[in-house]
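Enquirer: Protein chains in written order, with my numbering: chain A, 8 to 137; chain B, 13 to 597; chain C, 544 to 1138. Glycine included, every Cβ here is placed at the ideal spot set by N, Cα and C. Computed from a predicted structure; not experimentally measured.
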Amino acid sequence: MAKMTLEELKKLRETKKRELEKREVTGKDIEITVGMATCGIAAGAKQTLSAFLNELEAQNLSNVVVRQTGCMGYCYAEPTVEIRMPGMPDIIYGKVDPETAVKIVRKHILGKVLINDHILDKPAADIMKK
Amino acid sequence: MNAKTINIKVNGMPFFVHEGTTVLEAAKLVNVKIPTLCYHPDLPAWAACGICVVKVEGSPKMFRACSTPVEDGMSIITHDPEIVEVRRTVIELILSTHPNDCLQCLRNQNCELQRLAAEFGIREMPFEYNINRIPVDDSTTSLILNPEKCVKCGRCVKVCQEMQNVWAIEFLGRGESTRIAPAGDVLLAESPCIKCGQCSAHCPVGAIYEKDETQKVWKALQDPSKHCVVQIAPAVRVALGEAFGLEPGTLVTNKAYAALRRLGFKGIFDTNFGADLTIMEEGSEFVERFVHGKGELPLITSCCPAWVDYLEKYYHDLIPLFSTAKSPQAMVGALSKTYYADKSGIDCKNIFMVSIMPCTAKKYEIVRSESMYSSGCQDIDVSITTRELSRMIKSAGIDFLSLPDEDADAPLGIYTGAGTIFGATGGVMEAALRTAYFLVTGQELKNVDLTDVRGIEGIKEARIRMAGKEVRVAVAHQMGNIEKVLDLVREAKAKGKELPWHFIEVMACRGGCIGGGGQPYGATDEIRKKRLQGIYKDDTQSKIRCSHQNPAIKQLYAEFLGKPLSHKSHELLHTKYTPRPLYTR
Amino acid sequence: MAFKNYVLVCGGTACQSSKSEEIYKNFISELEAAGIKEDVQVVITGCFGFCEKGPIVKVLPDESFYVEVKPTDAKEIVAEHLVKGRQVKRLLYQGEETKKHAKVEDIAFYQKQFRIVLRNCGVINPEDIYEYIARDGYAALEKVLFEMTPDQVIQELKVSGLRGRGGAGFPTWLKWNFTKEVNDSPKYIVCNADEGDPGAYMDRSTLEGDPHSILEAMAIAGKTVGANKGYIYIRAEYPLAIHRLEIAIKQARELGLLGKDILGSGFDFDIEIRLGAGAFVCGEETALLASIEGERGMPRPRPPFPAVKGLWQKPTVINNVETWANIPVIILRGGAWFANIGTEKSKGTKVFALTGKIRNSGLVEVPMGTTLREIIYDIGGGIINGKKFKAVQTGGPSGGVITAEYLDTPIDYENLQKLGSIMGSGGMIVMDEDDCMVDIAKFYLGFTVDESCGKCAPCRVGGRQLLNYLDKISKGKATRDDLAKMKQIGAAMKRASLCGLGQTAPNPVLSTLTYFEKEYLAHVDDRTCPAGKCKDLITYSILPEKCIGCGLCARRCPVNCITGEKRQPHVIDQSACIKCGECYSVCKFGAVMRK
């Protein structure tokens, strides 16, 4: 009667965990995560998201996943964006307006150069990783 | 009852009470009076006003005595300087929203807020006045809403919604703009209000009250061209004395007659005569339907005008079940301007008929439909409540308690025990069965005390055998109790099942008319029970206890009406009903 | 080509004042000199939040964390670490406990924030149940359904010491246990998501960022106490959170994690969303339950408590969003792990919405026991515009103010209460010298008067009277006697109001009166507003000797009440002036005076 059994859930979890870690699984190894909580949206995160999508298309980049997430906590610096890609440190950028989004695609993703005046950091422990 | 007993202390005094007792009730048991305002024994504790706060040892908080159940080992402190100071501040805050015009208020000397202010020795108002200026609503025939005086105790809303199930009024707005009014701020007359007046009977202050029509009565009494006659309802005689310091339930019938004469009425009649007459008409109706199958069953009584309004609004599909007989007051009214007019040789236009009722809805009944003008004039000119009459007696300087006992005038003042019990819940049914038994079997009941239909229980049932058949009856009082009964009737009819009852009596007010919306303030079940005892005493000490044995009734039929349900009876003593919308706006 | 190394120099204010700009420049030149400019990128970041050990320099990808770095150290770091690959040990952060050199991830102290409630916020896509599952989502529910008894769950909660995060701080295990022990059915689980405190949005972000954590927690509660139905009562002003919750519920149902026979355990549980309609009082638990029942949102007397007689008079567990978010972690990590965090009586973390005159406003989650100073200065970055700290307000309209002398108080339920405030739901509003305490009290009381349900006299009438007095004070029309009356009314409201709204409404007034009595007396006796906020008590005027007649103020004035010829001293028409302060803030010559 149950839609999913205990064993099925455990297996599902393992699969998804591995997927999250091995980003190359789907051939997309670059991840742009945009904070889409109310504070972010109020600061223009939707426009930032569109700017990313447009620029990625303009640059013909197909190995980039653009995803959304909730509030990272830096409400004073919204819109916030996290960029993860092999070979570069994971970086959180703040105050990412559409113009900065374009810069991130060109300088950070393509040029592998960090953008100096927008970097935040994560001074909060991730209790799930331990 | 196997309720657990609990040990508590009140102000250091140890004693035990049953589980489920509130702090307020427990204190009362040891004669400690905790002041309250919004609390009323008829209703579950609303816990709003904040005056009944007490301390419980071991807790830093204060608790509301009305709603806090006692717990084992609880040590309650009902009075200390801090508690009194908090209560006093709360009263001062309430007073700051209340117009300071006791001297012009109808609740002067009879007001719960006034009593609290006096008991707490309030001598000044430390805060600025902040009164919600909302206009008075006097749209109905019977009641006046005066929101300026409202202290938001919530009693009227709870009574109208939970006790009476009418839902005419509700809390609107929030915070300081909270007010009590019908939904959508329509006028009371545009709402489902049935004018039962229970709201006014529970209001602690002068925020809801009956329309005072005593001036109309005074005017008529002073008009030499008017021949003023009066009828007094059964329930009034066991409650009028309370306005003069007598115990509830004291029978003051004969003093009332004397007082009315001294006020200037020329004809002193008794609604109980009308009650006996109602039994003749309605009893015959029952025989037609039950024995001869003409008309629908169950037969439902219709002497309560608030109940009539309720059914016309909420259950108008059941209108065919109503007895078409008018209420006792309406019958006396119609006869006073025809039968009595003929007998005394006075034109009905010059007769001014006043009825003294425990009821606010009667003010509505007398103009309810065309049939209330069956005599050619308005059958009853004014209906006033027990409260209004007591004010008239006082302002006329009549020393009620020292009045001699006098009689009413014949023929419209002669009644039997069956007539007088109309004032009690179950009384109409009992009276009707006493006569119906005779009409069906031709024999008198050996024991006319049908105690199964008596008492304060919300719904009562009884069975009686007549001519080999079982008659099942139900009695309901307090409007909120009728929904269950009617839904069962509807269900039975819809499914073609056997009827649960053949005859149903309904009274809108708890206890029947003795608990009416126009009776002296402060009715609780304790007081209602005493008034009921008074009614049944009036019955047992009556020489004649069945309506059909009333000689004046027999004479009326012989001389004037012919027989029950005759054409003339139908003209004068019967009425029609019509579906009404819940909201007219 | 990516760089081989990245050097992140902390650019927070504290670090800046200790020369992070100089460090940055030195790194650039040293890298140039060492010839590896092309291999290393140096950037300045936002504040790391570890200000007492600043300036901070982080080197990636190996995540080395250098503290108390001097500008001259740049040379050594470049030479040793970046060229030769050897960390400069003397500059590495040393953990107090282990004295070992630690990586960024291991630095618990550096990480002042410890995200338990917000563990998934900002990490997962809240609209994807699989991401939640991958981060151990619904593993706690598995454990409760198949490996634990209800008593064991209660025991774990008891050991954890979790207290209700809605503000009252009642022990969660005790509340659940009451409901579990009552012999009545059906039982209900309710989530209070009617977050109404002005300035508080912790629950909103939690629901927007990690809705499944709440669903899982409620199902766990259902299994523990014997309930099969849950309600989430959420204010209609949170449309995004509602949307995300609806998606989450749908996805959970699709996977059979809500509904009948969850995971084959035989346990049924489902959740319904109910919307609030704009009444703050419906955040009070009994008013909330009344609202779900379709009644007016007015509180009911307690006892009986909802745990025993709640929704439709049935046993109901009702908890705040933040309390719920803690449950899955406590089940998975154990109560003992949770109890290790925080203080003796207040365990775990607390999420605060840090707002007001603060540089880094946002949501912070810190272990109980963190001091106010750490939150405001280390995490928050201090007061903006270089103004002076005046007070911090906690607990919303039910709380009070805390002054500078108590900034080193470790935050927990008892300590904040001792100071005359409360923890509340987590609102934390920082105020500076330009904020007037009378004005603050007036703001909060205006809120509670508007939101009062009106059922009980002490709150309905007392609140308005208090507000009127505050208004008089702010207009310079009050007397000392009025202050005494305010205290009398406040006492009656605290003792005799039916619910927490009325009982705590006087707190902002009483608290500011206690700590800032001089400010109140200035309004009452001297009819002045020292902070320059209360409009009736301030006047703006132009000093003719300083005014050069540039006309900027006149152009900015929203009511055009400043007149003057070019290069001539200008004049403000006092009868038209609305005291907005615009001229005061734009004048570059200090010619506008505020008295």
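1) So what does L258(B) bridge to, in DSSP terms?
2) My guess is that P53(B) and T536(B) are in contact by the Cβ rule of under 8 Å, so how many angstroms apart are they, rounded?
3) Note down, in chain order, each residue of its chain lying with its Cβ closer than 6 Å to the Cβ of E639(C), except the 5 sequence neighbours on either side.
4) So, is E581(C) buried or exposed, given that buried needs 16 or more other C-beta atoms within 10 angstroms?
5) What residues from the segment 982-999 of chain C come within 8 Å of chain B, judged by C-beta to C-beta, listed N to C?
6) Using a Cβ-Cβ cutoff of less than 8 Å, which residues in the same chain neighbour H1066(C) once the five nearest sequence positions on both sides are dropped?
7) Taking beta-carbon pairs under 8 Å, can you tell me which members of the segment 1024-1057 of chain C lie near chain B?
8) My output table needs one value for V1114(C): the three-state DSSP class, helix, strand or coil.
9) Residues of chain C with CB closer than 9 Å to the CB of I134(A), please, in chain order.
10) Please report the Cβ distance between E89(A) and T40(A), rounded to the nearest whole angstrom; I am assuming they are in contact, meaning their Cβ atoms lie under 8 Å.
11) Three-state secondary structure (DSSP) at K555(B)?
12) Is the CB-CB distance between P340(B) and T265(B) below 8 Å?
13) At 3 residues or longer, what runs of the beta strand (DSSP E) sit wholly inside the segment 102-188 of chain B?
14) Which of the three DSSP states is assigned to E31(A) in this structure?
15) Is T641(C) close to chain A, meaning its C-beta is less than 8 Å from at least one C-beta of that chain?
16) For the segment 828-854 of chain C, which residues have a CB atom closer than 9 Å to at least one CB atom of chain B, in sequence order?
17) With 7 Å as the limit, tell me which residues of the segment 76-105 of chain B have their beta carbon closer than that to any beta carbon of chain C; keep them in chain order.
18) What does DSSP give as the partner residues of P1049(C) in its beta bridges?
19) Please report whether the beta-carbon of N720(C) lies at a distance below 8 Å from any beta-carbon of chain B.
20) Excluding sequence positions up to five away, which residues of its chain have a Cβ less than 8 Å from the Cβ of L107(B)?
21) Taking 8 Å as the threshold (beta carbon to beta carbon), is L68(A) in contact with chain C?
22) Nearest by alpha-carbon distance to R477(B): which of Y449(B), D391(B), R502(B) is it?
23) Return the residue from the list E1062(C), A743(C), L635(C), G707(C) that minimises the CA-CA distance to G939(C).
24) Against chain C, does E31(A) count as a neighbour if the rule is that its beta carbon must be under 8 Å from one of theirs?
25) Measure from the alpha carbon of G554(C) to the alpha carbon of each residue in Y567(C), F546(C), K547(C), then state which is nearest.
26) Hey, I565(B) and G425(B): beta-carbon distance below 8 Å or not?
27) Can you tell me whether W319(B) is buried or exposed? The criterion is at least 16 other CB atoms within 10 Å of its CB, across all chains shown.
28) Let me make sure I understand the geometry here. Which of F812(C), V768(C), A868(C), E724(C) has the alpha-carbon closest to that of L705(C)?
29) Where A247(B) and G524(B) are concerned, what is the direct C-alpha to C-alpha distance, given to the nearest angstrom?
30) Note the first and the last residue of the continuous alpha helix (DSSP H) segment covering M745(C).
31) By the DSSP assignment, the alpha helix (DSSP H) with D321(B) in it spans what residues?
32) Can you tell me whether K566(B) is helix, strand or coil according to DSSP?
33) So is K267(B) buried or exposed if we call it buried at 16+ other beta carbons inside 10 Å?
34) With a threshold of 16 other CB atoms inside 10 Å of the CB of V32(A), please say whether the residue is buried or exposed.
35) Classify N862(C): buried if its beta carbon has 16 or more other beta carbons within 10 angstroms, exposed otherwise.
36) Check whether the Cβ atoms of I672(C) and A791(C) sit closer than 8 Å, and answer yes or no.
Expert: In short:
1) None, per the DSSP bridge assignment.
2) 5 Å
3) With a pLDDT of 49 at E639(C), under the threshold of 50, the predicted position of this residue should be treated as unreliable, though the coordinate-derived value follows. Result list for E639(C): empty, nothing under 6 Å.
4) exposed
5) V992, D993, E994, S995, C996, G997, K998, C999
6) Cβ neighbours of H1066(C) beyond the five flanking positions: V981, I1016, S1017, G1019, A1021, C1072, C1077, L1080.
7) K1028, Q1031, I1032, A1034, A1035, R1038, A1039, S1040, L1041
8) strand
9) F657, R658, I659, R662, V872, R876
10) 4 Å
11) coil
12) no
13) 155-157, 182-184
14) Confidence at E31(A) is low in this model, with a pLDDT of 47, below 50, so its placement is unreliable and no value can be given for it.
15) At T641(C) the pLDDT is 48, less than 50, meaning the model places this residue with poor confidence; the figure from the coordinates comes in the next sentence. No, T641(C) lies away from the interface with chain A (no Cβ there is under 8 Å from its Cβ).
16) R839, G840, M841, P842, R843, P844, R845, P846, P847
17) R76, S79, T80, P81, V98, T101, V102, L105
18) DSSP output for P1049(C) lists no bridge partner at all.
19) no
20) Hits under 8 Å: L125, A129, I134, M137.
21) no
22) Of the listed residues, the one whose Cα sits closest to R477(B) is Y449(B).
23) A743(C)
24) Any reading at E31(A) must be qualified, since the residue scores a pLDDT of 47, below 50, and its modelled position is unreliable; the value itself is stated next. False, the Cβ-Cβ gap to chain C never drops below 8 Å.
25) Y567(C)
26) no
27) buried
28) A868(C)
29) 9 Å
30) 745-752
31) Residues 317-326.
32) helix
33) buried
34) For V32(A), the pLDDT reaches just 46, beneath the cut-off of 50, and the residue's location in the model is therefore unreliable, although a value from the coordinates is still provided. Exposed, because fewer than 16 other Cβ atoms sit within 10 Å of the Cβ of V32(A).
35) Burial call: buried.
36) yes
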